[in-house]
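Following: one structure in structure tokens, then a few remarks.
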Amino acid sequence: MMSDEFLTITDSVGEGFYSEKRSKFLAFAHHVSTLEEVKDIVASYRSKYYDARHVCYAYMLGYERKDFRANDDGEPSSTAGKPILGQINSRELTDILIVVVRYYGGVNLGTGGLIVAYRSAAADALDHCEVVSRQVEETVTYQYPYVMMNDVMRIVKELSPRIVSQSFDNTCSITLAIRKSAAENLRNRLQHLSFE
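Using my numbering, you'd call the opening residue of the sequence shown number 33 and step up by one each time.
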């Protein structure tokens, strides 16, 4: 994969399930892009499943995959959040939150059993997700006199950036979004027009 591409899931929620010794693990995978979304979704599961023993989760944000967290919510250290995060990492996903809700079945599973349960529930949720590749985009804004309109549009046609906004006046302005690896070329081509 190129450095300006990343894998994530679509907006539909992937659901997974695992049960062991009467304990039930309900897993939910969400596409997220901000920490606020993560907090809101986790809070909604805590209130929806208020009678559950644990609501554990892990998330990964940003195309560089540097913003992440794993939460055990009272389970023994590293037996819940880490195995969930491990599933996210093994599939190289980002902009994702997986929440696993545990209903205790009365029998302790031990640390090994918990790790398997949380890992399996998270994997099942991911198996019910559609994984998509996204491009990291950079925006380029360019201002030019109206007489250069055709030249600018020729470059837009050749390089196919997405037009974010444009305004036409004595001085025109266009804002374009293009994959990160092609942004420098677009900038250079546009700046060259000023000197032709």
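The C-beta atom is built at its ideal place from N, Cα and C for all residues, glycine as well.
Computed from a predicted model, the values in this text were never measured in an experiment.
Span separating the alpha-carbon of residue i from that of residue j
i	j	result
Met-92	Leu-117	8 angstroms
Asp-43	Ser-192	26 angstroms
Ser-165	Glu-37	7 angstroms
Glu-169	Asp-83	43 angstroms
Leu-146	Leu-158	18 angstroms
Ala-209	Leu-129	27 angstroms
Met-180	Ile-206	12 angstroms
Ser-199	Glu-124	40 angstroms
Asn-182	Gln-167	28 angstroms
Met-33	Phe-49	The predicted position of Met-33 is uncertain, since its pLDDT is 44 and thus under 50; a value taken from the coordinates is nonetheless stated next. If I take the Cα positions, the gap works out to 31 angstroms.
Bridge partner(s) assigned by DSSP for residue i
i	result
Gly-46	Ala-61
Ile-195	Leu-208
Glu-169	Arg-211
Ile-41	Val-163
Lys-56	Ser-51, Tyr-135
Selection from the options that minimises the alpha carbon distance to residue i
i	options	result
Ser-55	Thr-66, Leu-141, Ala-214	Leu-141
Glu-68	Lys-114, Asp-127, Phe-38	Asp-127
Phe-60	Val-132, Ile-120, Lys-98	Val-132
Asn-202	Ala-90, Gln-175, Tyr-82	Gln-175
Lys-98	Ala-149, His-224, Gly-145, Asn-121	Asn-121
Phe-57	Ala-112, Thr-143, Glu-190	Ala-112
Leu-39	Glu-162, Ala-75, Asp-104	Glu-162
Gly-46	Asn-217, Ala-153, Cys-204	Ala-153
Gly-137	Tyr-81, Ser-76, Lys-53	Lys-53
Spatial neighbours of residue i in its chain, beta-carbon cut-off 6 angstroms, leaving aside the 5 residues before and after
i	result
Ser-65	Asp-127
Arg-221	Ile-187
Ala-155	Gln-119
Chain D within 9 angstroms of residue i, Cβ atoms only
i	result
Ala-215	Note that chain D does not occur in the displayed structure, where there is just one protein chain.
Sequence-distant residues of the same chain with beta carbon closer than 7 angstroms to residue i, five excluded per side
i	result
Glu-107	His-86, Cys-88, Leu-146
Ala-215	Glu-170, Val-172
Val-196	Thr-171, Thr-207, Leu-208, Ala-209
Same chain, Cβ closer than 8 angstroms to residue i, neighbours up to 5 away in sequence not counted
i	result
Pro-177	Asn-202, Thr-203, Cys-204
Ala-151	Residue 151 is actually Arg in this sequence, not Ala. Counting only Cβ-Cβ distances below 8 angstroms, and skipping sequence neighbours, we find Pro-115, Ile-116, Gly-118, Gln-119.
Closer than 8 angstroms: residue i CB and nearest the ligand GTP heavy atom
i	result
Cys-161	What this structure holds is no ligand at all, so the ligand GTP is not there to describe.
**Message:** At 4 residues or longer, what runs of the alpha helix (DSSP H) sit wholly inside the segment 90-156?
**Reply:** 113-122
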